[in-house]
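To start, the structure under review is shown below, and the notes come after it.
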Amino acid sequence: MSDTDICLVKQNALLKTPAIFKETWPNMKAILFADKNTYPVAGEAVQALFEKHSIEHKVFIFEDEEVIPADYEYVELVKKQLKHNDYVPVAIGS
16 MSDTDICLVK
26 QNALLKTPAI
36 FKETWPNMKA
46 ILFADKNTYP
56 VAGEAVQALF
66 EKHSIEHKVF
76 IFEDEEVIPA
86 DYEYVELVKK
96 QLKHNDYVPV
106 AIGS
């Protein structure tokens, strides 16, 4: 995995996600990573925006009920999802 390419933190940042994704990774597919807290708050909106802007994507929701800690166990889950495919990871955070 590589370092973070873009981190956008500003009002209405979600609305800019499709344009930034298409500009940065043209013709690529996305995999949206969220947990049970962030998916309803922001993940659903990003997914709808990707659909509206015809960005092929899939969604991975961490099943833990609690906030996802910064633990290598979760890095392994992400790596497993990215293995053998050409999806660009998009983290949905709050």
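Start counting the sequence shown at 16; every next residue gets the next number (our numbering). All residues carry an ideal CB built from backbone N, CA and C; glycine is no exception.
Residue burial annotation: D86 is exposed, with fewer than 16 other C-beta atoms found within 10 angstroms of its C-beta.
When only Cα atoms are considered, V56 and Q62 end up about 11 angstroms apart. Going by beta carbons, P41 and I70 fall outside the 7 angstroms limit.
Here T53 is buried: its Cβ has 16 or more other Cβ atoms, across all protein chains shown, within 10 Å. For L47, the enclosing beta strand (DSSP E) has its first and last residue at 44–50. Under DSSP, K73 shares a beta bridge with I46. DSSP, reduced to helix, strand and coil, places V61 within a helical segment of the structure shown.
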